[in-house]
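Undergrad: The opening residue of the sequence shown carries number 1 in full-length UniProt numbering; numbering runs sequentially from there.
For every residue, glycine included, the Cβ atom is placed at its ideal position computed from N, Cα and C.
Take this structure, written in structure tokens, and hold onto it; I'll ask about it next.
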Amino acid sequence: MSQQECLFCKIIKREIPGEIVYEDDQVLAFNDIAPQAPTHILVIPKTHITTLNDIEESQQALVGRLTYIAAKLAKERGFAEDGYRVVMNCNEQGGQTVYHIHLHLMGGRHFTWPAG
Ligand code: AMP
Ligand code: ZN
1 MSQQECLFCK
11 IIKREIPGEI
21 VYEDDQVLAF
31 NDIAPQAPTH
41 ILVIPKTHIT
51 TLNDIEESQQ
61 ALVGRLTYIA
71 AKLAKERGFA
81 EDGYRVVMNC
91 NEQGGQTVYH
101 IHLHLMGGRH
111 FTWPAG
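This is the structure in structure tokens:
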């Protein structure tokens, strides 16, 4: 799929709606359309990166920023101390369905491990 057709690039460009909860020059965060927890936010880089396998060495800080912003949002929402789950799925066996990397931030309920 080309970058022009990428669902999350379209949300970044406001071509399709998203419930945006955070934005800076590098990162966008918005509510997941099918939440798996009381809070379920997707944190994405504004640069299109297809999968975790495609992260370039020069993009390490950008991808690290996704985790920093996730923790910031968890603190703001008051569940950081109780705990939360962060997930990034890669490719078909990892359960990836949207091919623009995204960090799932899920909080507000108890999670078990190992996940299915
Ligand atoms: P993954 O399966 O890890 O690729 O996660 C993709 C996530 O994107 C799923 O949790 C979907 O519910 C979510 N999703 C798909 N389309 C949209 C959309 N238009 N707005 C917000 N979240 C979406
Ligand atoms: Zn994209």
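Sort out for me which residues DSSP pairs Arg85 with in a bridge.
TA: DSSP, once it has assigned bridges, lists Met106 as partnering Arg85.
Undergrad: Please say whether Val86 and Ala70 have beta carbons closer to each other than 8 Å?
TA: Contact flag set, yes.
Undergrad: Which one or two residues does DSSP pair with His40 in a beta bridge?
TA: According to DSSP, which records beta bridges pairwise, His40 is partnered with Met106.
Undergrad: If you run the structure through DSSP and keep just helix, strand and coil, what is residue 127?
TA: Residue coverage of the chain in this structure runs from 1 to 116, which leaves residue 127 outside it and unanswerable.
Undergrad: Considering just the uninterrupted stretch of the alpha helix (DSSP H) at Val63, what are its terminal residues?
TA: Gln60 to Arg77
Undergrad: Would you tell me roughly how many angstroms separate the C-alpha atoms of His48 and Ala37, rounded to the nearest one?
TA: Cα atoms of His48 and Ala37: separation of roughly 26 Å, rounded to the nearest angstrom.
Undergrad: Is the Cβ-Cβ distance between Ala105 and Val63 less than 8 Å?
TA: First, the residue type needs correcting, since residue 105 is Leu and not Ala in the sequence shown. Not a contact, by the Cβ cut-off of 8 Å.
Undergrad: With a 10 Å radius around its C-beta and 16 neighbouring C-beta atoms as the bar for buried, classify His100 as buried or exposed.
TA: Answer is buried; the Cβ neighbour count reaches 16.
Undergrad: What are the start and end residues of the alpha helix (DSSP H) that includes Asn91?
TA: Asn91 to Gly94
Undergrad: Below 7 Å CB to CB, which residues in the same chain sit around Ile12 once its five sequence neighbours on both sides are set aside?
TA: Leu28 and Lys46
Undergrad: Measuring straight from C-alpha to C-alpha, what distance separates Tyr68 and Gln93?
TA: 26 Å
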